[in-house]
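In the working numbering, the protein residues as written are 570 to 753. Structure first, commentary second.
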Ligand SMILES: [Zn+2]
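Have a look at this one:
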């Protein structure tokens, strides 16, 4: 890729650290909301419709609006994709894994969103239903999706912050915290 000074190349060069920090904050907050919701259902035994995480207690429409779920899945996909070029070597493989999984997660949300727009549901279900939701309930499924995207992102971040010497030599951003390789 030519080293032109575009927003995109800056995002993966000198802005990578700041962009990643902001993005990870959003991702963490969203994942925490899913964890809180599971806690409300399994530990506090709240009825499903009332278990809306933290923000959703004040703003129920946040949880009950399909378009916001879809929008978030899309932002997440775009963010992982946009910040990918900054990752090299081992960290890139893990970040790419998160991208592939998020791509599928986003397809599931697109299906849900499509049912709202079309005004009819799939599989004869009374509510919008995604494919894997045929086998697993929505709360557990999306907790699972967010976790299997989150974990490879965390591993990628670890290798990005503590790169091996060959990986560090190829990095164009200032994210690495350690001048010495943590892994060989
Ligand atoms: Zn970086």
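Note that the Cβ used here is the ideal one computed from N, Cα and C, for glycine as well.
Length-filtered (4 minimum) alpha helix (DSSP H) runs lying within the segment 587 to 631: 624 to 627
Rounded separation between residue 617 and residue 626 - CA only: 13 Å
Backbone secondary structure at residue 720 - three-state DSSP: helix
Contacts around residue 719, its chain only, beta-carbon distance under 6 Å, and the 5 residues preceding and following it disregarded: 600
Buried versus exposed, by CB contacts within 10 Å (16 or more), residue 639: buried
Rounded distance between the beta-carbons of residue 735 and residue 655, thought under 8 Å: Between residue 735 and residue 655 the Cβ distance is about 16 Å, and since that is not below 8 Å, they are no contact.
Beta-carbon proximity check, residue 737 vs residue 660, cutoff 8 Å: no
Cβ-based neighbour list, residue 747, same chain, cut-off 6 Å, excluding 5 preceding and 5 following: 731
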